[in-house]
Amino acid sequence: MTYLPCLEKTDPEVRNLIIAEEKREWDKMRLIPSENYASKAVFEATGSVLTNIYSEGYPGKRYYEGQQIIDQVESLAIERAKKLFGMPHANVQPYSGSPANMAVYHAVLSHGDTIMGLALPHGGHLTHGWKVNFSGLTYHSSPYELDQETELLNYDKILKQAREVKPKMIIAGYTAYPRIIDFVKFREICDDVGALFHADTSHITGLIVGGVHPSPYPMADTGITTSHKTLRGPRGAMILCKEQYAEKVDKAIMPGLQGGPHNATTAAIAVALHEAAQPEFKTYAQQIVKNAKALAESLNGHGFRLVSGGTDNHLILFETQKSKGIGGREAAKALDKAGIVVNCNTVPFDPNPPFKPSGVRIGTPSVTSRGMKEPEMKKLGDWMNRAIIAASDDAALAKIAGEVKECCKDFPCPGIDPSRW
Ligand SMILES: *Cc1c(COP(=O)(O)O)cnc(C)c1O
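Here is the structure:
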């Protein structure tokens, strides 16, 4: 039978694009640390009839009739989230990570309150108070930075800054920090200055659930996580919080910021939470970290300077400018031609502007989902080195892309079945 038969009939143009993307995801080594492969079970829930209904409100307290089933779906997702993270309250309705952060701030802050998050060029997120984002425009942002010497979080300096600026909230959780975050220290700093502790574990939630990164829950007052990164669910997010903020958080989402929840996504979040609670998920999380360490070692051996010297989690940030005399953007473009997908990224205290950063950010969640292990990471490091050295030689890059594709054949992507193309 043809694959995607309905699309073939009604919209072959979109069908072709979806299949082309499946092929791209199959043939390349995807190293964007925020990306992953969702399971077929997650896709089945995402593509279900739950998309058809409107359910503003919360289970048992809706505005429209017809909520008999969706109330059960959302309650299931909420209960699974509370259990997996050990938090008393969960809201599974945020449309994505950024709106989830927005809702938390809306719930517990007033406009103009001071917030402290890691500066964007040091690995923070836009929504943690960066100046062009709503978070930096609506709230008074006093970003903290990494230590210039060690490129690590310097908790003494963060405490000192917090005592000076007296923030209402301190945010911990990043997009480009390759090391363990000491959430206990953040709790202590927040208690010292009377600030709320907001954890944003979007990148590392899968590692936390898998037991390879300490959890900020239930210490944090509030927390958010996306569901589509290391957690391997649909594109969406969750808010977790202490009981005393539950009502404010729920009201901030609806009616504060959103209308009807994306119910099919809610079901898929429930599925992802169930998958993440299985024992195999621990093995998966452990392998993500083992792979990142193996890849870091390989890159180190090829003379790349790794930010902070290495990694404890799923991601690596390395310098291309200083190591090989090529900008991060040029390196990323060459790697893509070689079948290895990465993003260019600023490094802490980057001398170059953000659109011409000196580094590249990579991560192992996707390749680990395909079953790749340390030997493939060693090969990946070799290929990356070759590609970056041969950045302007399209023939050499195409040759590497061929080798990468050949290797990928042995590692099926969850959710994709090439026999259907
Ligand atoms: C990805 C991410 C977000 C934003 O999530 P979106 O779904 O892209 O809006 C927020 N915070 C952190 C730390 C992230 O990594």
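Under numbering that gives the first Met the number 0, the sequence shown has 57 at position 58, and the numbering climbs by one with no breaks.
Where is the CB? At the ideal position from N, CA and C, for every residue including glycine.
Only a predicted model underlies this, so the values are computations on that prediction, with no experimental measurement involved.
| query | So who's on the other strand from Gly46, going by DSSP bridges? | reply | Under the DSSP definition of a beta bridge, Gly46 lacks any partner.
| said: I want to see whether chain B comes within less than 8 Å of Glu7, judged by CB atoms only; does it? | reply: Protein chains in the displayed structure number just one, and chain B is not present.
| Hey, Thr149 and His110: beta-carbon distance below 8 Å or not? | His110 sits away from Thr149, with the two beta carbons spaced by 8 Å or more.
| task | Give every residue of the same chain whose Cβ lies closer than 8 Å to the Cβ of Gly358, excluding the five residues on either side of it in the sequence, and list them in chain order. | result | Contacts found: Val306, Leu316, Phe317, Glu318, Thr319, Gln320, Gly327, Cys343, Asn344, Thr345, Val346, Asp349.
| query | Among Phe303, Leu195, Pro260, Leu334, which one has its Cα closest to the Cα of Gly324? | reply | The shortest Cα separation from Gly324 among Phe303, Leu195, Pro260, Leu334 belongs to Phe303.
| For Asn132, which residues of its own chain have a beta-carbon under 7 Å away from its beta-carbon, when the five flanking residues on both sides are left out? | Counting only Cβ-Cβ distances below 7 Å, and skipping sequence neighbours, we find Leu125, Thr126.
| query | What are the start and end residues of the alpha helix (DSSP H) that includes Gly135? | reply | Residues 133-137.
| Measuring CB to CB, does Pro166 end up less than 8 Å from Thr221? | It is not a contact, given that the beta carbons lie outside the stated cut-off.
| query | Between Ser97, Cys5, Arg360, which lies nearest to Ala331 when the distance is taken from Cα to Cα? | reply | Among Ser97, Cys5, Arg360, the Cα nearest to that of Ala331 belongs to Arg360.
| query | Do the CB positions of Ala263 and Leu49 come within less than 8 Å of each other? | reply | Pairing Ala263 with Leu49 gives a Cβ-Cβ distance under 8 Å.
| said: Among Leu256, Thr224, Pro352, Leu379, whose alpha-carbon lies nearest the alpha-carbon of Lys292? | reply: Nearest of Leu256, Thr224, Pro352, Leu379 to Lys292, Cα basis: Leu379.
| query | Hey, is the stretch 152-170 in contact with the stretch 190-202, meaning 3+ C-beta pairs nearer than 8 Å? | reply | At 8 Å Cβ cutoff, the stretches touch.
| Beta-carbon proximity check, Arg79 vs Leu272, cutoff 8 Å | Their beta carbons are under 8 Å apart, which means Arg79 touches Leu272 by this criterion.
| task | Could you please give the first and the last residue of the uninterrupted alpha helix (DSSP H) stretch that includes Cys5? | result | Cys5 -> alpha helix (DSSP H) spans 4-9.
| request: Report the partner residues of Lys60 according to the DSSP bridge assignment. | output: Answer is Tyr57, bridged to Lys60.
| Going along the chain, which residues of its own chain have a beta-carbon closer than 8 Å to the beta-carbon of Gln105, five neighbours each way excluded? | Note on identity: in this sequence residue 105 is His, with Gln being the wrong assignment. Counting only residues of its own chain and dropping the five nearest sequence neighbours on each side, His105 has a CB closer than 8 Å to the CB of Ala251, Gly255, Leu256.
| message | Quick check: is any heavy atom of ligand 1 less than 7 Å from the C-beta of Asp191? | response | Flag unset: Cβ of Asp191 not near ligand 1.
| field | Beta-carbon gap between Leu230 and Thr204 smaller than 8 Å | value | Against a cut-off of 8 Å, the Cβ pair of Thr204 and Leu230 comes out as a contact.
| Between the Cα of Pro353 and the Cα atoms of Tyr57, Ile77, Gly122, Arg61, which residue gives the shortest distance? | Checked all of Tyr57, Ile77, Gly122, Arg61; the closest Cα to Pro353 is Gly122.
| said: Using a Cβ distance threshold of 8 Å, determine whether the stretch 3-21 contacts the stretch 400-409, with at least three qualifying pairs required. | reply: Look at the beta carbons and you see the stretch 3-21 not touching the stretch 400-409: under three pairs across the two are nearer than 8 Å.
| query | Whose C-beta lies closer than 8 Å to the C-beta of Leu206 among residues of the same chain, with five residues either side of it excluded? | reply | Within the same chain, and ignoring the five residues on either side of Leu206 in sequence, the residues whose Cβ sits closer than 8 Å to its Cβ are His212, Thr229, Ala284, Ile287, Val288, Asn312, His313.
| Hey, is Tyr63 close to ligand 1, as in C-beta under 7 Å from one of its heavy atoms? | Because no heavy atom of ligand 1 lies under 7 Å away, the Cβ of Tyr63 does not count as near it: no.
| field | Residue burial classification, Ile17 (beta-carbon count within 10 angstroms, cutoff 16) | value | Looking at its Cβ environment, which holds fewer than 16 other Cβ atoms inside 10 Å, Ile17 is exposed.
| In terms of residue numbering, what span does the beta strand (DSSP E) encompassing Arg360 cover? | Per DSSP, Arg360 belongs to the beta strand (DSSP E) from 358-362.
| request: Write down the C-beta distance between Glu21 and Ile415 rounded to the nearest angstrom, noting that I regard them as a contact closer than 8 Å. | output: Confirmed, about 5 Å.
| request: Following the continuous alpha helix (DSSP H) through Asn299, name the residue where it begins and the one where it ends. | output: For Asn299, the enclosing alpha helix (DSSP H) covers residues 278-300.
| Residues in its own chain within less than 6 Å of Lys81 by CB, not counting five upstream and five downstream? | Counting only Cβ-Cβ distances below 6 Å, and skipping sequence neighbours, we find Ala89.
| message | In this structure, how does DSSP classify Val270 when only helix, strand and coil are distinguished? | response | DSSP, reduced to helix, strand and coil, places Val270 within a helical segment of the structure shown.
| message | Under DSSP, the beta strand (DSSP E) around Glu34 begins and ends at which residues? | response | Segment: none, Glu34 is in no beta strand (DSSP E) and carries neither H nor E.
| message | Using the three-state DSSP reduction, which class does Gly222 fall into: helix, strand or coil? | response | When DSSP states are grouped into helix, strand and coil, Gly222 belongs to the strand group.
| Nearest-angstrom Cβ-Cβ length linking Leu119 and Trp129, presumed shorter than 8 Å | Their Cβ separation, rounded to whole angstroms, is 4 Å, which keeps Leu119 and Trp129 in contact under 8 Å.
| field | Three-state secondary structure assigned by DSSP to Tyr143 | value | It is a strand residue.
| Taking the alpha carbon of Pro233 as the point to measure from, which residue in Ser33, Leu83, Thr1 has its own alpha carbon closest? | In terms of CA proximity to Pro233, Ser33 leads the group Ser33, Leu83, Thr1.
| query | Does the Cβ of Asp249 lie closer than 7 Å to at least one heavy atom of ligand 1? | reply | For Asp249, the shortest C-beta to heavy atom distance toward ligand 1 is 7 Å or greater.
| 8 Å Cβ cutoff met for Phe280 and Gly209 | Yes, the pair counts as a contact, with Cβ atoms nearer than the cut-off.
| request: Could you work out which residue in Met0, Ala76, Glu43 is closest to Ala276 when comparing CA atoms only? | output: It is Ala76.
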